[in-house]
Amino acid sequence: MAQDMSGGRQPEVPRTGYRPLAPEEAMHRLNVIMAHLWMVRRFLKHAEELEQAPHLHEVHRVIFDYVRAVEPSWQRRDAREYLRRARGKWPKLQRVAELLSQEYRQVSDHTNFEMAALSLSGCVQQIAEILNAVSTTPSGSISPAPGAGPESLAHPAKADPCDHSDTKEHLMQQMLGADRPPTGFAAEEDS
Numbered sequence: 179m180a181q182d183m184s185g186g187r188q189p190e191v192p193r194t195g196y197r198p199l200a201p202e203e204a205m206h207r208l209n210v211i212m213a214h215l216w217m218v219r220r221f222l223k224h225a226e227e228l229e230q231a232p233h234l235h236e237v238h239r240v241i242f243d244y245v246r247a248v249e250p251s252w253q254r255r256d257a258r259e260y261l262r263r264a265r266g267k268w269p270k271l272q273r274v275a276e277l278l279s280q281e282y283r284q285v286s287d288h289t290n291f292e293m294a295a296l297s298l299s300g301c302v303q304q305i306a307e308i309l310n311a312v313s314t315t316p317s318g319s320i321s322p323a324p325g326a327g328p329e330s331l332a333h334p335a336k337a338d339p340c341d342h343s344d345t346k347e348h349l350m351q352q353m354l355g356a357d358r359p360p361t362g363f364a365a366e367e368d369s
């Protein structure tokens with residue numbers, strides 16, 4: 179755990195190599211990601227298939243808790259508090275993203291569930307990148323905790339600006355395995 183400027187302990191997120199962000203800019207970027215999280219939550223909460231998988235109900239509940247935890251500080255435009263709350267709740271969000279990625283096929287192999295799992299994992303990754311781009315410690319760095327999360331969530335700095343390894347297709351291949359192409363994009367209609 180790292181200490182924040184007020185001396186409190188904060189959970190650590192995997193370190194990334196992206197450019198530093200001002201706290202206000204980070205808060206605004208994170209708030210866009212909160213909108214994505216909310217849509218994943220809405221889909222999962224109302225998916226009839228999940229009624230048969232009570233162990234996955236925790237996913238939409240943790241997303242709800244995460245988004246609502248930062249909402250008051252967003253309304254006050256208190257970037258420091260927003261980032262503190264986002265960092266503090268991040269480990270639970272990471273855990274449910276991993277759970278959904280591992281378990282969604284047991285509920286349904288429909289593309290909607292596949293995309294919800296991918297979207298949630300992508301949001302968790304982006305949140306980690308943004309949180310690590312903001313200095314919240316006196317030394318200006320956040321040390322990764324041993325075993326802080328899967329390597330897929332912590333990407334090194336991009337040396338090549340043309341490197342698009344974090345595109346949707348690449349993330350899909352990481353999630354599904356490189357030997358299996360994404361399914362259902364042309365054949366299935368959005369339902």
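So the sequence shown is numbered by this note's numbering: it starts at 179 and just counts up by one. All C-beta atoms in this analysis are idealised placements derived from N, C-alpha and C, irrespective of residue type, glycine included.
Taking a contact to require three or more Cβ pairs closer than 8 Å, the region 201–208 and the region 252–264 qualify as touching. For residue 251, the three-state secondary structure derived from DSSP is helix. If you ignore the 5 residues before and after residue 235, its C-beta comes within less than 6 Å of no other C-beta in its own chain. In this chain, the alpha helix (DSSP H) harbouring residue 284 covers 257–285.
Taking C-beta separations shorter than 7 Å and ignoring five residues to either side along the sequence, residue 232 has no partners in its chain. Rounded to the nearest whole angstrom, the C-alpha separation of residue 276 and residue 290 is 17 Å. Taking 7 Å as the cut-off, the Cβ atoms of residue 278 and residue 237 count as close.
Shown here for residue 312: same chain residues with a beta carbon closer than 8 Å to its own, the five before and five after excluded, namely 198, 199, 200, 201, 204, 261 in chain order. Between residue 268 and the set 294, 297, 304, the nearest pair of CA atoms involves 304.
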